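Comments concern the structure below.
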Amino acid sequence: MTASRELVVLGTASQVPTRQRNHNGYLLRWDAEGLLFDPGEGTQRQMSFAGVSANAITRICLTHFHGDHCLGLPGVLARLNLDQVTHPVDVCFPGSGGEFYRRLRDVVPPFPGLREGPVDEAGPILLPDMPFTLEAVRLDHRIETFGYRLTEPDGRRILPDRLAELGVSGPDIGRLQREGTLRLPGGRVVGLDEVSTVRRGQRFAFVMDTRMCEGVEDLARHADMLVIEATFLDADAALARDYGHLTAAEAARAAQAGGVRTLVLTHFSQRYADLEDHRREAREHFDGELVVAEDLMRIPVPTRR
């Protein structure tokens, strides 16, 4: 049975794909939504291997316009057209790269349901029919780059023992939830906050090509799942800074400081044939659930706290 909220990893390579790692690509299944992040070359084929249909995609989010993060976009758009997907699909991308986006879009026949959402500044992205908040956060790479955060609205968890104490039962429970207050037979008015606690909405954050910066720290804060690049190891930290990337240790320290629950490392340089050192380095700094991503892996979003 497919989880209602999970990350499907379509690719984990950085600039150069390898025999084991396709270029980037990540599909976040979130109930009825499917957010495709940074489709690199080969994403359409990886979707077939992963059992992901084009119909599952409702939003596409590009962090920046380096090829390993966007060259799969034309194939995905063509597939949406070929499969006659009937629902609209929003595409978010840095507005400064609009010309690059249009060239990628125009390689294939137009998909009639495409809705474009250029991101010109950090903050909430206003798209139609979203059951969550989607925000862009500025990162520090060699070209304009944004990370993304998805935040579910807070809800409330009903406390059955408290309802029983106050004698609230049956249809009155639904009425209290809908209206926020309920008058009891003796005249007392009960508020919803007396019989429930806040159920914090889940948070998902996506961080690609960047040096360590405030944006990384912001995105990591309180994330239930953080998907983050770990292109290099600390032994190659100078290279990471020069090319605008993170090490596994930097990603792990940011996750630990932000209270991340599940940390997913990805976007690995081709120089590392084996990733056990990434796991070891990250584990030295992070004590939560740690996943060193592999192509075609499915990772459930952790259940609510």
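Numbering (our numbering), first residue to last: 136 to 440.
The beta carbon of each residue, even a glycine, is placed where N, CA and C say it ideally should be.
As the structure is a prediction and not an experimental result, all values here were calculated from the model.
Asked	Found
Beta-carbon contacts of residue 331 that lie in its chain and below 7 Å, excluding the five residues immediately before and after	291, 292, 293 and 294
Residue 161 (DSSP reduced to helix, strand or coil)	strand
Opposing strand residues paired with residue 295 [DSSP bridges]	DSSP lists no partner for residue 295.
Reduced DSSP category for residue 407 - H, G, I as helix; E, B as strand; rest coil	coil
Stretch pair the stretch 241 to 259 + the stretch 213 to 222: three plus CB contacts closer than 8 Å	yes
Selection from 376, 190 and 347 that minimises the alpha carbon distance to residue 390	347
Alpha-carbon to alpha-carbon, residue 398 and residue 411	15 Å
Heavy atom of the ligand GDP within 6 Å of residue 252 beta-carbon	Among the components of this structure there are no ligands whatsoever, and the ligand GDP is therefore not found.
4 or more residues per run - each alpha helix (DSSP H) lying fully within the stretch 188 to 248	208 to 217 and 233 to 240
Simplified DSSP assignment, three categories, for residue 375	helix
Assumed close pair residue 253, residue 270 - CB separation to whole angstroms, cut-off 8 Å	Actually they do not touch by this definition, with Cβ atoms about 15 Å apart.
Spatially closest choice to residue 186 from 437, 440 and 433, by CA coordinates	433
Presumed contact (8 Å Cβ cut-off) between residue 282 and residue 341, rounded CB distance	6 Å
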